[in-house]
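A.B. asks:
Protein chains: 6
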Amino acid sequence: MRRNRVRDLLAQDEQVVTGWVTTGSSYAAEVVAHSGVDAVTLDLQHGMFDVPQAIACLQAVSTTSAVPLVRCRSHDAADIGHLLDAGAYGIICPNVDTDEQAQALVRACRYPPTGRRSLGPSRGVLYGGADYPQHADDTVLVIPMIESVRAVENLDAILAVDGVDAVFVGPTDLSWDAGLPPTSATVADELADLLRHIVDRARAASVPAGIFSLTPDQGRQFAEWGYRLIAPGTDMMMLRAATERAVAVLRRV
Amino acid sequence: MRRNRVRDLLAQDEQVVTGWVTTGSSYAAEVVAHSGVDAVTLDLQHGMFDVPQAIACLQAVSTTSAVPLVRCRSHDAADIGHLLDAGAYGIICPNVDTDEQAQALVRACRYPPTGRRSLGPSRGVLYGGADYPQHADDTVLVIPMIESVRAVENLDAILAVDGVDAVFVGPTDLSWDAGLPPTSATVADELADLLRHIVDRARAASVPAGIFSLTPDQGRQFAEWGYRLIAPGTDMMMLRAATERAVAVLRRV
Amino acid sequence: MRRNRVRDLLAQDEQVVTGWVTTGSSYAAEVVAHSGVDAVTLDLQHGMFDVPQAIACLQAVSTTSAVPLVRCRSHDAADIGHLLDAGAYGIICPNVDTDEQAQALVRACRYPPTGRRSLGPSRGVLYGGADYPQHADDTVLVIPMIESVRAVENLDAILAVDGVDAVFVGPTDLSWDAGLPPTSATVADELADLLRHIVDRARAASVPAGIFSLTPDQGRQFAEWGYRLIAPGTDMMMLRAATERAVAVLRRV
Amino acid sequence: MRRNRVRDLLAQDEQVVTGWVTTGSSYAAEVVAHSGVDAVTLDLQHGMFDVPQAIACLQAVSTTSAVPLVRCRSHDAADIGHLLDAGAYGIICPNVDTDEQAQALVRACRYPPTGRRSLGPSRGVLYGGADYPQHADDTVLVIPMIESVRAVENLDAILAVDGVDAVFVGPTDLSWDAGLPPTSATVADELADLLRHIVDRARAASVPAGIFSLTPDQGRQFAEWGYRLIAPGTDMMMLRAATERAVAVLRRV
Amino acid sequence: MRRNRVRDLLAQDEQVVTGWVTTGSSYAAEVVAHSGVDAVTLDLQHGMFDVPQAIACLQAVSTTSAVPLVRCRSHDAADIGHLLDAGAYGIICPNVDTDEQAQALVRACRYPPTGRRSLGPSRGVLYGGADYPQHADDTVLVIPMIESVRAVENLDAILAVDGVDAVFVGPTDLSWDAGLPPTSATVADELADLLRHIVDRARAASVPAGIFSLTPDQGRQFAEWGYRLIAPGTDMMMLRAATERAVAVLRRV
Amino acid sequence: MRRNRVRDLLAQDEQVVTGWVTTGSSYAAEVVAHSGVDAVTLDLQHGMFDVPQAIACLQAVSTTSAVPLVRCRSHDAADIGHLLDAGAYGIICPNVDTDEQAQALVRACRYPPTGRRSLGPSRGVLYGGADYPQHADDTVLVIPMIESVRAVENLDAILAVDGVDAVFVGPTDLSWDAGLPPTSATVADELADLLRHIVDRARAASVPAGIFSLTPDQGRQFAEWGYRLIAPGTDMMMLRAATERAVAVLRRV
């Protein structure tokens with residue numbers, strides 16, 4: 001089975017940069033995959049698309065060496081299984097607040113006897129290889145998101161769940177849930193404390209931690225704190241910012 | 001009928017910035033339309049989409065005050081009519097090399113007796129208003145592209161064609177056709193001479209000139225030379241550059 | 001944030017007419033939005049489309065002043081959040097039978113601390129404005145459907161749930177569930193009693209009531225009873241009836 | 001090969017009512033096909049869709065006994081061949097002004113030696129039957145549109161072209177081209193004269209004539225003059241009118 | 001209401017062959033439906049498509065006498081209702097392990113008072129007829145899948161659930177769950193014992209049994225054991241095998 | 001720039017097997033590309049899809065080492081340029097009957113000064129590499145189809161056109177145009193003479209010849225005559241035949 005380079009990099013405590021696709025355009029996904037990233041995450045939760053577009057995007061990303069990941073919409077095991085069958089090499093799952101939820105997520109991503117994933121990896125076999133069923137459980141990444149106060153309270157238990165390959169922090173939701181101001185280019189001290197606490201606990205548990213950042217500079221700060229899987233903003237944040245910059249340059253005439 | 005703000009701005013010799021959409025994602029088109037541009041051009045020639053996606057993009061752009069333009073694929077009158085029926089407020093037509101071609105373009109865009117456009121402006125009426133048929137000929141912009149040596153030779157004749165509202169330069173194709181090196185962030189002197197010649201002739205003929213640029217800075221240079229309708233790069237150029245910048249920032253850790 | 005005109009009209013006890021789109025065609029949705037309605041509801045439950053088409057329809061409706069609403073498919077919080085992120089300004093949720101279900105619906109539609117909606121309103125920000133996160137909870141309408149005997153029994157408790165902005169009756173399902181004949185152009189007396197009971201209780205609780213009707217005349221009758229948010233049939237009911245009328249006129253020759 | 005019921009009806013001088021689909025929604029096309037019409041015409045010229053949606057609509061119409069027709073976008077032989085391969089049982093071709101153009105249209109629709117249609121009727125075989133190649137030329141309808149003054153001048157020559165199975169009048173374009181006021185619910189006298197002239201010449205040549213009408217009543221008038229293939233308005237005209245009527249009924253409260 | 005020929009055949013203990021569509025291409029679905037099968041099953045669980053493509057495929061299958069079935073993705077009642085509304089004449093539901101789950105499945109597929117399906121069979125009425133609501137419960141097939149050890153343990157209870165019209169075995173998942181080697185062209189003895197046990201119990205309970213097979217020959221073996229609803233492989237298995245055979249023939253040159 | 005393996009194989013007089021995709025399903029295209037073929041041809045002429053699906057299929061094929069080719073719909077230079085921009089590595093163009101048409105085809109596929117292709121290879125750069133503009137003319141295959149008596153008469157002139165990289169025979173159309181019976185599994189003697197004549201002339205001119213065949217065995221026969229680029233049937237022919245075989249096996253029970 002094709003190796004999961006993101007898994008390998010994280011195992012070596014190396015940095016992983018992932019693009020974050022919210023358009024559902026397979027061309028845009030392919031462009032991002034060609035831009036030097038290690039992975040491309042298709043965001044089915046807040047992205048403006050759904051499974052059919054995700055499948056086309058997974059194909060587009062598969063034309064490159066970037067690893068195709070998805071942020072699924074919910075804990076729904078059938079949806080998660082479908083995205084894995086479509087060739088996703090990792091599931092970033094929103095709103096995992098307890099170890100029970102993390103265990104359910106692992107079961108959704110693993111074949112029996114570990115889990116209850118149904119066998120039928122249609123595109124998975126094309127992308128991963130004919131021995132996909134034998135090796136998928138050791139290849140596909142299971143990554144619960146930590147994005148609530150409750151999840152932080154249960155963090156050690158979540159990190160201890162067998163099969164959790166990494167955790168991924170959603171600072172926007174976490175900040176909001178903690179009653180802090182919305183995240184922006186600068187991170188408030190209280191949020192910074194939370195984010196450093198999470199990555200410290202994760203590293204202590206030998207579980208790699210990832211995080212979404214609003215800007216590349218913010219992502220660099222997170223990396224310095226120990227985060228290893230970094231999303232430096234979404235495709236549409238970048239497109240909007242770049243277009244606004246272009247307009248500003250031209251308006252100066 | 002809803003006024004065409006791009007037409008108004010050009011009539012006042014004001015600068016017009018247009019986004020340039022090549023993905024066909026209606027969400028991306030909407031994001032660009034919200035980024036401070038005056039217009040959004042949907043590129044059906046080199047963009048990775050076709051008419052159905054263009055229609056959705058036209059709807060998306062129509063949620064904003066940005067003016068929806070299209071760069072059509074060819075001189076085909078039926079395709080041009082279809083895009084106008086879908087609510088495009090301007091046609092940027094590639095490869096117009098002669099005044100005969102420019103006249104044919106005008107005929108494709110205008111109703112009888114001026115032209116041969118067929119009456120049935122389905123979305124045009126929704127976007128433009130019930131009096132669309134009466135005012136479309138005075139509202140919709142007809143913009144031939146000047147992107148070959150032959151077109152430059154015939155420039156004065158093209159500019160003199162009744163109904164040509166502006167011209168739009170494609171420096172990449174023009175440079176290539178002139179046997180010059182491909183355009184890049186810096187414009188070679190010989191190409192610069194050509195580009196200044198075109199805008200000078202156009203201004204002399206009181207026809208606004210537009211141009212595609214590879215970067216915002218290049219676009220500003222063109223604006224200083226007298227170009228008024230500027231595309232400061234495509235959406236995917238911007239996304240790729242922004243992603244590459246983000247990766248570079250993160251790799252520095 | 002852009003105001004929700006449907007919320008304003010209901011607050012003033014004014015009538016609201018909503019189109020009801022079941023095709024998933026963004027052009028059809030735009031046509032309906034231009035037909036004098038106050039809102040357009042995209043029906044993801046019985047409509048022949050899914051989320052990707054709904055997103056395009058939301059864009060199409062957003063070209064007009066008609067308010068974009070959705071009838072979601074189920075109580076699934078992730079689906080509801082996704083539709084809100086796509087710019088829906090109201091959720092009409094089927095089969096809400098108890099106050100617990102109504103509370104869960106409110107939580108799905110509201111940000112913390114009121115609810116558990118995840119922050120990431122991609123198109124919501126484009127449609128609503130940059131301050132969407134701050135005002136969404138006071139803008140977006142939460143509208144449980146009353147369409148079972150059990151829901152009627154629990155009506156007062158549902159109406160009392162904090163965050164329920166209106167209720168919406170599904171007379172077809174309600175009639176069927178009550179063991180009454182299917183609804184038709186004329187409303188059976190027993191059903192009429194139920195429908196009048198619901199609107200009376202809602203008005204007593206100062207909660208606006210809406211209803212689906214099979215014909216405009218039936219809708220007018222419901223309005224006279226006190227319903228304020230009226231869907232006068234689906235797009236495809238209207239298209240079929242209009243085509244049948246046209247055929248009948250022509251067959252008379 | 002499955003018979004073409006529209007051809008049979010026209011051969012018997014019977015009336016044929018065709019729906020007119022402009023949305024590209026296959027569900028809407030199926031609804032129209034179930035509404036009592038004899039045929040459904042998919043309008044690729046002014047409709048807000050393109051070939052992929054047309055193929056899905058052809059499938060939807062094929063679930064019924066209504067005959068699937070298309071109004072193609074132009075005289076382009078490759079496009080026409082593609083639509084026929086997709087199972088269209090008739091081509092209504094816009095803007096046929098001369099007998100040469102009519103001959104070219106016939107060649108685009110017929111196999112050698114009569115024409116130059118390429119053999120490969122993918123869905124044609126599924127819909128028509130395994131003997132499609134042998135009988136297609138005698139089954140598929142070739143219908144040039146008469147919608148300009150020039151076409152009227154050349155009418156007899158067009159009607160005399162071997163292989164022209166019917167003509168179809170576009171009164172809107174014809175009126176506009178003749179310098180007459182746009183068509184409306186009432187037909188101006190000068191336009192009426194033109195329309196009666198066309199149908200009279202067609203009947204004299206034993207070529208059935210069809211026409212697009214803006215309302216069913218107008219269609220009935222045309223039928224009384226001798227037109228036999230009648231489109232009583234588009235789907236979206238009907239949906240808009242029906243929605244406006246519904247709103248009017250409800251506003252009366 | 002249009003009869004369900006699969007139900008009739010199973011009632012007579014006749015064999016039913018079903019195509020198994022995993023592409024979501026409506027043209028491929030139509031081709032399969034024309035290939036002599038009694039039914040076409042659209043696989044939304046492991047197929048590389050989603051509901052919008054399923055709706056188009058249901059339309060395509062409805063052009064033929066083959067019965068449209070779906071394998072849904074999960075037990076989700078809203079999804080199942082939506083697919084039924086789209087005209088599916090049978091639901092093959094994965095992973096039904098207990099009689100409680102089978103009862104929930106029946107409730108999702110049946111109208112009140114038997115179940116809780118919501119009334120609004122949009123395409124169901126087009127395909128089934130105007131009396132769809134009255135007869136759907138007796139027409140639409142409810143078919144839980146037996147594909148785990150637990151399901152086999154609970155088999156008699158599942159078979160006894162009122163409203164279960166047939167069961168369908170997934171030998172791949174069952175084999176995997178039982179700790180047996182993955183299924184292949186030859187069936188291991190232990191799996192054979194399980195499969196024969198299931199069909200024997202089903203026949204004893206007068207409930208028809210179906211099964212997925214990897215090859216037609218395997219399917220014939222299953223038929224000899226008493227299975228009556230047979231899927232002889234997926235569309236993409238067949239396409240891949242046929243292409244590989246073609247390549248092998250050509251490589252011999 | 002990524003090499004064109006089909007070009008290399010043909011230069012070495014090696015056999016090339018190409019899949020032939022008519023569904024437009026990107027998943028089916030990916031499956032075919034994984035089945036041992038050297039190339040996958042997307043058939044836009046008789047396939048039931050259009051450019052948007054072709055782009056997704058090109059992405060899917062690009063996940064493998066199979067070379068992506070297209071059979072375009074017509075000689076239209078804008079369409080051809082668009083497909084090349086989308087990453088097609090070869091154009092198989094229907095109905096090239098004269099050397100003038102072959103020259104026009106070459107011009108459509110080559111950049112200035114050789115041709116008039118417009119510069120903007122959006123996906124071409126992603127698939128081919130950043131130096132695509134410099135090497136595309138030497139990489140992309142230009143392949144006119146010989147499928148009429150007239151083309152055979154003009155064969156030597158066509159073969160002599162500079163830039164024609166191969167010719168591809170359409171035996172079905174050729175047979176039909178020559179007044180011979182439709183092709184079937186066995187090739188009639190007169191057609192065989194024509195087909196051998198073509199390949200002999202092509203080999204004499206050192207131009208590789210390809211051909212469409214209805215079955216793998218027929219393809220092998222053609223290969224023995226000297227054809228080197230062989231399509232052994234379409235995807236849907238194979239799927240239909242395989243399904244019919246499966247049904248036959250099962251019906252024997």
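Chains as they are written, first to last, in UniProt numbering: chain A, 1 to 253; chain B, 1 to 253; chain C, 1 to 253; chain D, 1 to 253; chain E, 1 to 253; chain F, 1 to 253.
All residues carry an ideal CB built from backbone N, CA and C; glycine is no exception.
1) I need the straight-line Cα distance from GLY47 of chain E to SER118 of chain A, nearest angstrom please.
2) Can you pull the DSSP bridge partners for PRO144 of chain D?
3) With distances taken from CA atoms, which of D:ALA11, D:CYS93, D:VAL199, D:VAL149 is nearest TYR227 of chain D?
4) Is it buried or exposed, GLY120 of chain B, if we count other Cβ atoms within 10 angstroms and call 16 or more buried?
5) Hey, could you find the ends of the beta strand (DSSP E) ALA209 of chain A is sitting in?
6) Check whether chain A comes within 8 Å of ASP99 of chain C, counting only Cβ atoms and requiring the distance to be less than that.
7) Have a look at the DSSP bridge pairing and note the partners of PHE168 of chain A.
8) Between the alpha carbons of ALA130 of chain A and ARG3 of chain F, how many angstroms are there, rounded?
9) Out of curiosity, what's the CA-to-CA distance linking VAL51 of chain C and LEU42 of chain C?
10) Relative to chain C, which residues along the segment 116-144 of chain E have a C-beta separation below 7 Å, given in chain order?
11) For LEU174 of chain C, tell me which candidate among E:PRO208, E:ARG116, E:GLY210 has the shortest Cα-Cα distance.
12) Just to confirm, does SER26 of chain C get its C-beta within under 7 Å of one of the non-hydrogen atoms of the ligand HEM?
13) Express the C-alpha separation of GLN221 of chain B and ALA134 of chain F in angstroms, rounding to a whole number.
14) Run through DSSP, which three-state label would THR18 of chain A get?
15) Cβ closer than 8 Å: which chain C residues qualify as neighbours of ALA242 of chain B?
16) For PRO208 of chain F, which residues in the same chain have their Cβ closer than 6 Å to its Cβ, ignoring the five residues on either side in sequence?
17) Along chain E, which residues have their Cβ under 8 Å away from the Cβ of LEU250 of chain F?
18) Taking its Cβ as the centre, do 16 or more other Cβ atoms sit within 10 Å of ALA202 of chain D, making it buried, or is it exposed?
19) Give me the Cα-Cα distance between ARG7 of chain C and ASP85 of chain C, rounded to the nearest whole angstrom.
20) From residue 256 of chain B to SER25 of chain B, what does the alpha carbon distance come to, in whole angstroms?
21) Please state whether DSSP places VAL70 of chain C in a helix, a strand or coil.
22) Quick one: which chain C residues come within Cβ less than 7 Å of SER25 of chain D?
23) Taking 8 Å as the cut-off, does the segment 61-69 of chain C touch the segment 53-64 of chain B (at least 3 CB pairs, one atom from each stretch)?
24) Which residues, in chain order, does the segment 48-69 of chain D contribute to contact with chain F at a C-beta distance below 7 Å?
25) Less than 8 Å between CB atoms is the rule here; does VAL6 of chain A satisfy it with respect to chain F?
26) Output yes or no for whether 8 Å exceeds the beta carbon distance between VAL106 of chain F and GLY163 of chain F.
27) What does LEU42 of chain A pair with, by DSSP beta-bridge criteria?
28) Kindly say whether GLN45 of chain F, judged by its beta-carbon, lies nearer than 8 Å to any beta-carbon of chain D.
29) Excluding the 5 residues flanking SER35 of chain F on each side, which residues of the same chain have their C-beta closer than 6 Å to its C-beta?
30) Using DSSP's beta-bridge definition, name the partner residues of residue 257 of chain A.
31) Under DSSP, the alpha helix (DSSP H) around SER26 of chain F begins and ends at which residues?
32) Near VAL125 of chain D, which residues of its chain fall below 6 Å by C-beta distance, leaving aside the five closest residues on each side in sequence?
33) Would DSSP call ALA178 of chain B helix, strand or coil?
C.D. replies: By the coordinates alone:
1) As a first step, residue 47 of chain E is located in the fifth sequence; it is residue number 47 there, counting from the start. As a first step, residue 118 of chain A is located in the first sequence; it is residue number 118 there, counting from the start. So the alpha carbons of these two residues sit roughly 12 Å apart.
2) If you number the fourth sequence from 1, residue 144 of chain D lands on position 144. According to DSSP, which records beta bridges pairwise, PRO144 of chain D is partnered with D:CYS93.
3) For this step, residue 227 of chain D is matched to residue 227 along the fourth sequence. Among D:ALA11, D:CYS93, D:VAL199, D:VAL149, the Cα nearest to that of TYR227 of chain D is on D:VAL199.
4) For this step, residue 120 of chain B is matched to residue 120 along the second sequence. When all chains shown are included, GLY120 of chain B counts as buried.
5) For the purposes of this step, residue 209 of chain A is identified with residue 209 of the first sequence, where counting begins at 1. For ALA209 of chain A, the uninterrupted beta strand (DSSP E) segment begins and ends at 209-213.
6) For this step, residue 99 of chain C is matched to residue 99 along the third sequence. Not one chain A Cβ lies under 8 Å of ASP99 of chain C.
7) Here the question's residue 168 of chain A lines up with position 168 in the first sequence. PHE168 of chain A pairs with A:MET145, A:GLY210.
8) Mapped onto the first sequence, residue 130 of chain A falls at position 130. Mapped onto the sixth sequence, residue 3 of chain F falls at position 3. Taking the straight line joining both Cα atoms gives about 27 Å.
9) Position 51 of the third sequence, counted from the first residue, corresponds to residue 51 of chain C. Position 42 of the third sequence, counted from the first residue, corresponds to residue 42 of chain C. Taking the straight line from one Cα to the other gives about 10 Å.
10) Cβ contacts with chain C come from SER118, LEU119, GLY120, SER122, ARG123, PRO133.
11) The sequence position of residue 174 of chain C within the third sequence is 174, counting from 1. Considering only alpha carbons, the answer is E:ARG116.
12) The ligand HEM is absent from the structure shown, which contains no ligands of any kind.
13) Taking the first residue of the sixth sequence as 1, we reach residue 134 of chain F at position 134. Taking the first residue of the second sequence as 1, we reach residue 221 of chain B at position 221. First, the amino acid is wrong: residue 134 of chain F is Gln here, not Ala. If you take the alpha carbons of GLN134 of chain F and GLN221 of chain B, they lie about 27 Å apart.
14) The count along the first sequence starts at 1 and reaches residue 18 of chain A at position 18. THR18 of chain A falls in the strand class under three-state DSSP.
15) On the second sequence, residue 242 of chain B is found 242 positions in, with the first residue counted as 1. Within chain C, no residue comes near ALA242 of chain B; the closest Cβ sits about 17 Å away, beyond 8 Å.
16) As a working note, residue 208 of chain F is residue 208 in the sixth sequence. Excluding positions up to five away in sequence, the list reads LEU10, ALA166, ARG228.
17) To locate residue 250 of chain F, count along the sixth sequence from 1; it is residue 250. What LEU250 of chain F touches in chain E: GLN15, VAL17, PRO216, GLY219, ARG220, ALA223, ILE230, PRO232.
18) Here residue 202 of chain D refers to the residue found at position 202 of the fourth sequence. Under this definition ALA202 of chain D is a buried residue.
19) Within the third sequence, the letter at position 7 stands for residue 7 of chain C. Within the third sequence, the letter at position 85 stands for residue 85 of chain C. Roughly 19 Å between the two C-alpha positions.
20) This structure leaves residue 256 of chain B out entirely; chain B is present only between 1 and 253.
21) Taking the first residue of the third sequence as position 1, residue 70 of chain C is located at position 70. The answer is strand: DSSP assigns VAL70 of chain C an E or B state.
22) Counting from 1 along the fourth sequence, the entry for residue 25 of chain D is found at position 25. Going along chain C in sequence order, the residues near SER25 of chain D (Cβ under 7 Å) are THR23, GLY24, SER25, ALA28.
23) Contact holds: three or more Cβ-Cβ distances are below 8 Å.
24) ASP50, VAL51, PRO52, ILE55
25) Locating residue 6 of chain A in the first sequence gives position 6, where the first residue counts as 1. So, not an interface residue.
26) Along the sixth sequence, read from residue 1 onward, the residue named residue 106 of chain F stands at position 106. Along the sixth sequence, read from residue 1 onward, the residue named residue 163 of chain F stands at position 163. In contact: VAL106 of chain F and GLY163 of chain F (Cβ atoms closer than 8 Å).
27) On the first sequence, residue 42 of chain A is found 42 positions in, with the first residue counted as 1. In DSSP, LEU42 of chain A forms a bridge with A:VAL21, A:VAL70.
28) Your numbering for residue 45 of chain F matches position 45 in the sixth sequence. Interface residue, yes.
29) The residue given as residue 35 of chain F occupies position 35 in the sixth sequence. Contacts found: none.
30) There is no way to answer for residue 257 of chain A, as the model of chain A reaches only from 1 to 253.
31) Taking the first residue of the sixth sequence as position 1, residue 26 of chain F is located at position 26. From DSSP, the alpha helix (DSSP H) with SER26 of chain F extends over 26-33.
32) As a working mapping, residue 125 of chain D is identified with position 125 in the fourth sequence. Same-chain partners within the cutoff: TYR132.
33) Working through the second sequence from its first residue, we reach residue 178 of chain B at position 178. The answer is coil: DSSP assigns ALA178 of chain B none of H, G, I, E or B.
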